[in-house]
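Trainee:
Residue numbers (my numbering): 21 to 79.
#1: Distance, Cα to Cα, residue 68 vs residue 56?
#2: Identify the continuous alpha helix (DSSP H) that holds residue 52 and give its terminal residues.
#3: What would DSSP say about residue 65, mapped onto helix, strand or coil?
#4: Report the rounded CA-to-CA distance for residue 35 versus residue 29, giving the unit in angstroms.
#5: Going by DSSP, what residues sit across from residue 40 in a beta bridge?
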């Protein structure tokens, strides 16, 4: 199962500036939420990170 984590960040997309906004089961839902809440601007960017659940991987 894939989940999508929605963050708002600065224009340089640094990890320290990320603000968590939610977890969604599809990318279009995450994008709709970002648009609805006005997360897109000239000073901020939106990052949607894809995460796979229930997968065990050895390093």
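Even glycine gets a Cβ: it sits at the ideal position worked out from N, Cα and C. What you are looking at is a predicted structure, and each value in this text was computed from that prediction instead of being measured.
Mentor: Straight from the coordinates:
#1: Stepping through the chain shown from its first residue, residue 68 is reached at position 48. Stepping through the chain shown from its first residue, residue 56 is reached at position 36. When rounded, the distance between both Cα atoms is 15 Å.
#2: Reading the chain shown from its first residue, position 32 is the one you call residue 52. Counting along the chain, the alpha helix (DSSP H) containing residue 52 begins and ends at 47–56.
#3: Here residue 65 is taken as the residue at index 45 of the chain shown, counted from 1. In this structure, residue 65 counts as strand in the three-state DSSP scheme.
#4: Position 15 of the chain shown, counted from the first residue, corresponds to residue 35. Position 9 of the chain shown, counted from the first residue, corresponds to residue 29. Their Cα atoms are separated by approximately 8 Å.
#5: Taking the chain shown and counting its residues from 1, one reaches residue 40 at position 20. DSSP lists 27 as partners of residue 40.
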